[in-house]
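Q: Just so it is clear: in the sequence shown, position 40 is 50 by my numbering, and no numbers are missing.
I have a structure here, written as structure tokens, and I will follow up with some questions on it.
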Amino acid sequence: MEPTLERAIGRVVEGTRHWSPARWSYGGHAEAMHALIQALADVCAEAEGEPRREVPRLPSELHLPEQLQVVGLDLLDVADRLTAAQRAEIDEAIGRARSALF
């Protein structure tokens with residue numbers, strides 16, 4: 011799971027890192043990315059036995075790829091504790107985001 015998860019998150023990060031503010035505001039891209047970040051943060055918190063917390067919206071959407079990268083690294087740290095249902099939830103969230111973003 012870890013290499014596959016790392017690759018999947020990396021593709022979204024690298025595919026959006028160069029986007030302009032106009033691109034982020036088009037078609038709900040920023041909302042889709044934030045939804046992905048929140049979904050991954052929720053699974054990570056659950057795997058850590060922590061309560062879910064709202065992921066803050068940063069002042070600029072240009073930071074969304076980095077925010078995803080940070081949450082993704084946190085998720086990779088707990089990857090060995092993920093259940094099959096959590097892995098499916100992650101795959102589904104990444105798939106939804108990729109469809110909306112690309």
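Heads up, the beta-carbon is just placed ideally off N, CA and C, and yes, glycines get one too.
So, residue 50 versus residue 85, is the Cβ gap smaller than 7 Å?
A: yes
Q: Using 8 Å as the threshold, is the stretch 56-66 in touch with the stretch 25-36, meaning 3 or more CB pairs across them?
A: no
Q: Nearest-angstrom Cα distance between residue 42 and residue 104?
A: Roughly 10 Å between the two C-alpha positions.
Q: What residue from 23, 106, 44, 58 has the CA that sits closest to residue 69's CA?
A: 44
Q: Taking C-alpha atoms, which residue in 92, 14, 80, 112 lies nearest to residue 48?
A: 80
Q: Assign residue 95 to one of two classes, buried (16 or more other C-beta atoms within 10 Å of its C-beta) or exposed (fewer than that).
A: exposed
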